[in-house]
Amino acid sequence: MELEILGAHNCESLDSKLVSLLIDQTIAIDAGGLTSSLSLSAQQRIKAILITHHHFDHIRDLATFGMNAYMSGPINVYALDSVLGVISTHLLNEVLYPDFRQKPLPEKPSLKFCPLEPNKEVIIEGYRVLPLPVHHNVPAIGYQVTSPDEKSIFYTGDTGSGCASCWEVVSPQLLITEVTVPNRFEFVVQASGHLSPRLLKQELLDFKRIKGYLPPVVIVHMSPHIEGEIREEVAQVAEELEAKITLGREGMKFVL
Ligand SMILES: [Zn+2]
Ligand SMILES: [Zn+2]
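For the sequence shown, the working numbering gives the first residue as 1, with consecutive numbering after it.
What follows is the structure in structure tokens.
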């Protein structure tokens with residue numbers, strides 16, 4: 001399994017793209033920086049897009065992807081029913097942009113919406129996909145994705161503290177999670193459901209206690225303005241836990 005980090009941040013600039021991951025060039029998770037990171041031919045290889053929650057930084061490129069897939073759809077978009085509802089009502093609503101579930105033709109649209117139930121595994125393009133609820137300020141799920149040859153990742157998406165219920169269930173070889181701010185801004189993110197390096201450390205301690213191991217960890221969703229501070233504090237956590245923790249970067253690839 002190859003995992004590519006297309007976007008690793010929560011703010012966009014020339015140097016940072018919004019969160020988006022790509023598995024084996026086929027399955028995308030979150031669509032913050034999806035189209036802006038890939039050529040049209042690379043976009044045409046994508047067969048499915050999994051969305052963690054409805055915040056704009058995770059769904060934005062569904063609009064541009066829908067337009068790019070105008071002739072090559074339908075591409076399946078998986079998310080909680082409520083998340084698909086928000087996207088239909090507020091983004092692909094025929095006001096802001098076309099309803100790509102019906103266009104260009106109702107029988108051959110760009111996008112097909114596929115609702116997921118939390119905690120219920122489904123097979124997508126031959127991969128086992130398990131959506132698990134996480135703690136954010138809107139309904140949100142993380143995804144464990146397992147390839148046909150049993151390589152497995154878990155991506156939490158945006159989450160605050162309290163991932164232990166996920167750790168009970170998943171057994172990934174690579175864990176992708178988030179740190180949005182350094183410790184001094186922890187008070188800002190506690191209400192909105194994000195992690196600081198200090199909160200990350202607690203989650204990873206829980207993982208190790210529950211599972212008896214800790215896989216390599218990749219961090220995304222950093223605020224680029226204060227990434228240097230996040231990097232130093234995450235390095236400290238890695239040292240204290242004797243863990244391998246990497247800050248994600250646009251274009252970074254991991255092979256399992
Ligand atoms: Zn969010
Ligand atoms: Zn976000």
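Ideal Cβ positions, reconstructed from N, Cα and C, are used throughout, including at glycine. None of the values given here were measured: they were computed from a predicted structure.
Please list the terminal residues of the continuous beta strand (DSSP E) segment that includes residue i.
i, result
"I87", "Segment 81 to 90 is the alpha helix (DSSP H) holding I87; no beta strand (DSSP E) there."
"C114", "111 to 116"
"G142", "141 to 146"
"T246", "245 to 247"
Under three-state DSSP, which class holds residue i?
i, result
"L96", "coil"
"P197", "helix"
"S16", "strand"
"V189", "helix"
"P131", "strand"
"G66", "helix"
"L3", "strand"
"S152", "strand"
"H54", "coil"
"K253", "strand"
Starting from residue i, follow its DSSP beta bridges and name the residues at the other end.
i, result
"P104", "P109"
"V138", "DSSP lists no partner for V138."
"H9", "L18, M222"
"I176", "Y155, V218"
"Y78", "L50, C114"
"V122", "V129"
Starting from residue i, trace the alpha helix (DSSP H) in both directions and tell me its first and last residue.
i, result
"L34", "Per DSSP, L34 belongs to no alpha helix (DSSP H) and is neither H nor E."
"I46", "I46 -> no alpha helix (DSSP H), and no H or E assigned at all."
"E240", "227 to 241"
"S72", "No alpha helix (DSSP H) contains S72, which DSSP labels as neither H nor E."
"S165", "164 to 167"
Q) Between the stretch 15 to 29 and the stretch 188 to 197, do at least 3 Cβ pairs fall closer than 8 Å? A) Between the stretch 15 to 29 and the stretch 188 to 197 there are fewer than three inter-stretch CB-CB distances shorter than 8 Å, so the stretches are not counted as touching.
Q | Validate contact between the stretch 90 to 100 and the stretch 135 to 150 using beta carbons, cut 8 Å, 3 pairs | A | With the cut-off at 8 Å, the stretch 90 to 100 and the stretch 135 to 150 do not touch.
**Q.** Sequence-ordered residues whose beta carbon comes within less than 7 Å of a heavy atom of ligand 2
**A.** Here the residues come out as N10, V19, H55, D57, H58, D158, H221.
Q) Hey, is the stretch 172 to 179 in contact with the stretch 204 to 216, meaning 3+ C-beta pairs nearer than 8 Å? A) By the criterion of at least three beta-carbon pairs nearer than 8 Å, the stretch 172 to 179 is in contact with the stretch 204 to 216.
Q: For the stretch 82 to 90 and the stretch 53 to 60, state whether three or more C-beta atom pairs, one from each stretch, are separated by less than 8 Å.
A: The stretch 82 to 90, when compared against the stretch 53 to 60, does touch it at the 8 Å Cβ threshold.
Q: Kindly confirm or deny that the stretch 10 to 18 and the stretch 26 to 43 touch, where touching means at least three C-beta pairs closer than 8 Å.
A: Touching, per the Cβ criterion.
**Q.** the stretch 234 to 245 touching the stretch 163 to 172, judged by at least three CB pairs closer than 8 Å
**A.** Contact between the stretch 234 to 245 and the stretch 163 to 172 is absent, because fewer than three Cβ pairs lie under 8 Å.
**Q.** Cβ contact check for the stretch 105 to 114 and the stretch 128 to 146: 3 or more pairs under 8 Å
**A.** Under the Cβ criterion (8 Å, minimum of three pairs), the stretch 105 to 114 does not count as touching the stretch 128 to 146.
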